[in-house]
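Colleague: Got a structure for you, written out below as structure tokens; questions coming shortly.
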Amino acid sequence: MTLRARSKYVMDSKPAPRAGLTLFCSRDSLACLWTRIVLAEKDVDGARIEWINPGKPNHDLLVLNPTLELPTLADRDTVIHPAQVINEYLDERFPHPKMSPPDPAARAKLRMAVLRLERDLLPLAQRAISDKGADGKTAKLALAEALLASQRMFPARGWFLGLDYNLADCAWAALFSQLPQLNLKLGGDVQPLLRYAERLLHRPAVRKALAVA
11 MTLRARSKYV MDSKPAPRAG LTLFCSRDSL ACLWTRIVLA EKDVDGARIE
61 WINPGKPNHD LLVLNPTLEL PTLADRDTVI HPAQVINEYL DERFPHPKMS
111 PPDPAARAKL RMAVLRLERD LLPLAQRAIS DKGADGKTAK LALAEALLAS
161 QRMFPARGWF LGLDYNLADC AWAALFSQLP QLNLKLGGDV QPLLRYAERL
211 LHRPAVRKAL AVA
């Protein structure tokens, strides 16, 4: 059955013309923050952030990506999502500074670390922040346990998986920026985690990305 539209507004089939990069983001999404940190590290001239507010449809995003998944990157005629794919694209499109290793084995290890962050840890942190009920408390406990189990992976100096700053470090920076809000109860010696988090959050690009919100 077809219903006759009551609105006089007819949506265009094309988004408004744009030059350069446009990153569609939500302010409260850790995946979006991760991508904003990568973009800030790359220091791309003319890159634009389009904020998407809940309950307010964005015509251009709807045309470019009908799933409305955030973040979404538009680079001329190329539309990319989700966050991990966007970040790998940015690293290849703007290779300086390089944020993934040239060696295939090291690159595979980085991808596995990034996959765990995107699939498990960032969603746990997101739930712990946004859900004030039982599910949020469960997510907070699970996140604390996961961080404690990852203690040995946080380096005393340098960065995650080695001496070179990489895409996984950007994801950790997004997560660790929320530690005060998460108020996790971490037992044992968490100094390696806290020192690593401090190094991340003092990076100029990370501070720039956090200031944008």
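Adding 10 to a residue's 1-based position in the sequence shown gives its number in this note's numbering. Glycine included, C-beta positions come from ideal geometry on N, C-alpha and C.
1. If we ignore side chains and look at the alpha-carbon of each, how far apart do L189 and E208 end up?
2. Could you tell me the alpha carbon to alpha carbon distance between A219 and G30, rounded to whole angstroms?
3. Given a cut-off of 7 Å, decide if A184 and A123 are closer than it, judged by their beta-carbon atoms.
4. Can the beta-carbon of N10 be found closer than 7 Å to that of V89?
5. Based on the DSSP secondary-structure assignment, which residues constitute the bridge partners of W169?
6. Just how far apart, CA to CA, sit T32 and E102?
7. Short of 7 Å in beta carbon distance, which residues of its chain neighbour I47, apart from the five on each side in sequence? Order them along the chain.
8. With distances taken from CA atoms, which of F170, A154 and E51 is nearest R205?
Modeller: Once the coordinates are examined:
1. Their Cα atoms are separated by approximately 11 Å.
2. Each residue's alpha carbon lies about 19 Å from the other.
3. Taking 7 Å as the Cβ cut-off, A123 and A184 do not qualify as a contacting pair.
4. The requested residue 10 is not part of the displayed model; the chain covers only 11 to 223.
5. According to DSSP, W169 bridges with G172.
6. Straight across, the Cα-Cα distance linking T32 with E102 is about 17 Å.
7. Only C180, A183, A184, A215, V216 and A219 meet the Cβ criterion.
8. It is F170 whose Cα lies nearest to the Cα of R205.
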